[in-house]
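For reference, the structure discussed in these notes is given below.
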Amino acid sequence: MSQIPEGALYAPLSSRSATAEATSTAAAAFSARTLVGLDGGVYDDKLRGKQTHLDNPVKDVKTAEAARRRRGERRLRRRKAALTRAEKTRLGDCGKPGGSLRYDMFVALHKLWKEYMKELFADEASKAYNSEQALVKIVRADYHGAVFTVTQSKCKHFVGISGIMIKETDNMFYIITRENVVKGVPKAKSNFSFVHDDNLFTLYGCSLKGSAADRVTKKLRWKNSVELI
Numbered sequence: 013m014s015q016i017p018e019g020a021l022y023a024p025l026s027s028r029s030a031t032a033e034a035t036s037t038a039a040a041a042f043s044a045r046t047l048v049g050l051d052g053g054v055y056d057d058k059l060r061g062k063q064t065h066l067d068n069p070v071k072d073v074k075t076a077e078a079a080r081r082r083r084g085e086r087r088l089r090r091r092k093a094a095l096t097r098a099e100k101t102r103l104g105d106c107g108k109p110g111g112s113l114r115y116d117m118f119v120a121l122h123k124l125w126k127e128y129m130k131e132l133f134a135d136e137a138s139k140a141y142n143s144e145q146a147l148v149k150i151v152r153a154d155y156h157g158a159v160f161t162v163t164q165s166k167c168k169h170f171v172g173i174s175g176i177m178i179k180e181t182d183n184m185f186y187i188i189t190r191e192n193v194v195k196g197v198p199k200a201k202s203n204f205s206f207v208h209d210d211n212l213f214t215l216y217g218c219s220l221k222g223s224a225a226d227r228v229t230k231k232l233r234w235k236n237s238v239e240l241i
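Heads up: the sequence shown at position 67 corresponds to 79 in this note's numbering, and the numbers run straight through without jumps.
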């Protein structure tokens, strides 16, 4: 078996192999063929030793325009989903008189609500409404058609508003007054009173967050204190 010279084992490696030199030469030649007007100086300044994306297809102008048009249509559909202020005013939902909603249109709803409350508390023999079961019913009741009066509110502008509650959202009560004006009152920082069976009830708005349907299924958490206004 022949001996390998010691100098061959410990000879320093070349800083650039033949494969690397060939790859660099091929990249330069490819760039020169692909990029119009590229000379050696530009290649050395802009491309040598840097990572370059060689695959850069030209975007289809028609495709880009179609995508922009679709985005605009989606924005327009989302904008149309919500009522504008002019539309709300025309429907009587912006606190201004002269809309299509009138107080007398909801008197029948108020009568239905009174019958609903009688059925809800039919088993309340004492009519004191101070049992735990009665309190749970009061919190979970549906108040569409109830005559609400804002007794307290952080915003003094809402205090004294009275009328039939015609719409409830997660954070608002909408009340139509006898002057045919729809007022939106936030539940938070507001207290509402109503009368049922010759009893005056006060509802703390902070405890009524969520819709009426959500309150039926939501687990109630009793608090030792209520939020002061």
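Think of the CB as a built atom: it goes at the ideal place given N, C-alpha and C, for glycine as much as any other residue.
In or out: LEU220 buried (at least 16 other Cβ within 10 Å) or exposed? Flag for LEU220 reads buried.
With burial defined as no fewer than 16 other Cβ atoms inside 10 Å of the residue's Cβ, what is the status of LEU215: buried or exposed? So LEU215 ends up on the buried side.
Taking the Cβ atom as the reference point for each residue, do THR189 and ILE173 lie within a distance shorter than 8 Å? Result yes, Cβ atoms of THR189 and ILE173 sit closer than 8 Å.
Can you tell me the Cα-Cα spacing of MET129 and LEU212, whole angstroms? Here the alpha carbon of MET129 sits roughly 14 Å from the alpha carbon of LEU212.
Looking at LYS195 and ILE187, is the spacing between their C-beta atoms short of 8 Å? Inclusion of ILE187 and LYS195 in the CB contact set at 8 Å is warranted, their separation being smaller than that value.
Where DSSP assigns a beta bridge to PHE185, which residues make up the other side? Beta-bridge pairing links PHE185 to GLU180, VAL197.
What separation, rounded to the nearest whole angstrom, lies between the Cα atoms of ASP226 and ASP154? Cα to Cα, ASP226 sits roughly 11 Å from ASP154.
Taking its Cβ as the centre, do 16 or more other Cβ atoms sit within 10 Å of GLY217, making it buried, or is it exposed? With a threshold of 16 other beta carbon atoms within 10 Å, GLY217 meets it and is buried.
How should GLY175 be labelled, buried or exposed, when 16 other C-beta atoms within 10 angstroms of its C-beta is the threshold for buried? Residue environment analysis places GLY175 among the buried positions, since at least 16 neighbouring C-beta atoms fall within 10 angstroms of its C-beta.
Quick check on GLY61: buried or exposed, where buried means 16 or more other Cβ atoms within 10 Å of its Cβ? Exposed, because fewer than 16 other Cβ atoms sit within 10 Å of the Cβ of GLY61.
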